[in-house]
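K.L.:
Supplied in structure tokens, the structure appears directly below.
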Amino acid sequence: MSQASPSRDALERAARVRLMIFDVDGVLTDGRLWYGPEGEALKVFHAADGHGVKMLAASGVVTAVLSGRRAAAVERRAAELGIAHVLQGIDDKRPAFETLLARVGVDATATGYMGDELVDLPVMTRSGFACAPREAPAFVRQHAQYVARAPAGGGAVREVCELVMQAQGTLAARLAAYVA
Numbered sequence: 023m024s025q026a027s028p029s030r031d032a033l034e035r036a037a038r039v040r041l042m043i044f045d046v047d048g049v050l051t052d053g054r055l056w057y058g059p060e061g062e063a064l065k066v067f068h069a070a071d072g073h074g075v076k077m078l079a080a081s082g083v084v085t086a087v088l089s090g091r092r093a094a095a096v097e098r099r100a101a102e103l104g105i106a107h108v109l110q111g112i113d114d115k116r117p118a119f120e121t122l123l124a125r126v127g128v129d130a131t132a133t134g135y136m137g138d139e140l141v142d143l144p145v146m147t148r149s150g151f152a153c154a155p156r157e158a159p160a161f162v163r164q165h166a167q168y169v170a171r172a173p174a175g176g177g178a179v180r181e182v183c184e185l186v187m188q189a190q191g192t193l194a195a196r197l198a199a200y201v202a
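The opening residue of the sequence shown carries number 23 in my numbering; numbering runs sequentially from there.
Here's what the structure looks like:
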């Protein structure tokens, strides 16, 4: 069951995460699709979300993107953030998820997935820690152990990254590094 603050179950699941996977549209972005004059897709990413992903990776959690759409902006942003695995243009996310598990060498119970739409449910229900932004449809939120309070594309990813680090006991050290 999803809720505004983490349940004991959510914290226990987050503590096991070794691979954290994010959908793009509606998770790393606010879900709006922008097209330029040449038909190119434009994406707007939030710096706080990006820094959360970087901190999570620095804490030892492998990060990945799994998206139904393909966009050069996602490749570029993922490279800036050091996201190890970028899977785009994936219509059926479940097989890609299974392949990613094998590539990284983790069990599904040691994964987290943040998605916002019905197409994300096959991965959300298989992963050990399912998260959703607050704007996700109710049916999707019902399948999440944690629903972010911050908006999609505006801090929801950062919130989940910090929750995982908090559950794993690495958040304080990550934050302290900035004031040392």
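Ideal Cβ placement from N, Cα and C applies to all residues, glycine included.
Note that the coordinates shown come from a computational prediction; the quantities given were computed from them, not determined experimentally.
#1: Does the beta-carbon of SER24 have 16 or more other beta-carbons within 10 angstroms, so that it is buried, or is it exposed?
#2: Just reading off the beta strand (DSSP E) that HIS107 is part of, what are its end residues?
#3: Go to LEU41, then tell me how far its beta strand (DSSP E) extends in each direction, as first and last residue.
#4: Report the rounded CA-to-CA distance for GLU34 versus ALA189, giving the unit in angstroms.
#5: Quick one: give me the first and last residue of the alpha helix (DSSP H) that ALA69 is part of.
#6: Taking just the CA atoms, how far does ALA101 sit from GLY48?
#7: Can you tell me where the beta strand (DSSP E) holding THR51 begins and where it ends?
P.N.:
Short version:
#1: For SER24, the predicted structure reports a pLDDT of 43, less than 50, and the residue's modelled location is therefore unreliable. A value from the coordinates is still provided. SER24 should be labelled buried.
#2: 107-109
#3: Looking at the DSSP string, the run of the beta strand (DSSP E) that includes LEU41 is 41-44.
#4: Straight-line Cα distance between these residues: approximately 7 Å.
#5: 69-80
#6: So the alpha carbons of these two residues sit roughly 20 Å apart.
#7: Premise fails: THR51 is in no beta strand (DSSP E) and is neither H nor E.
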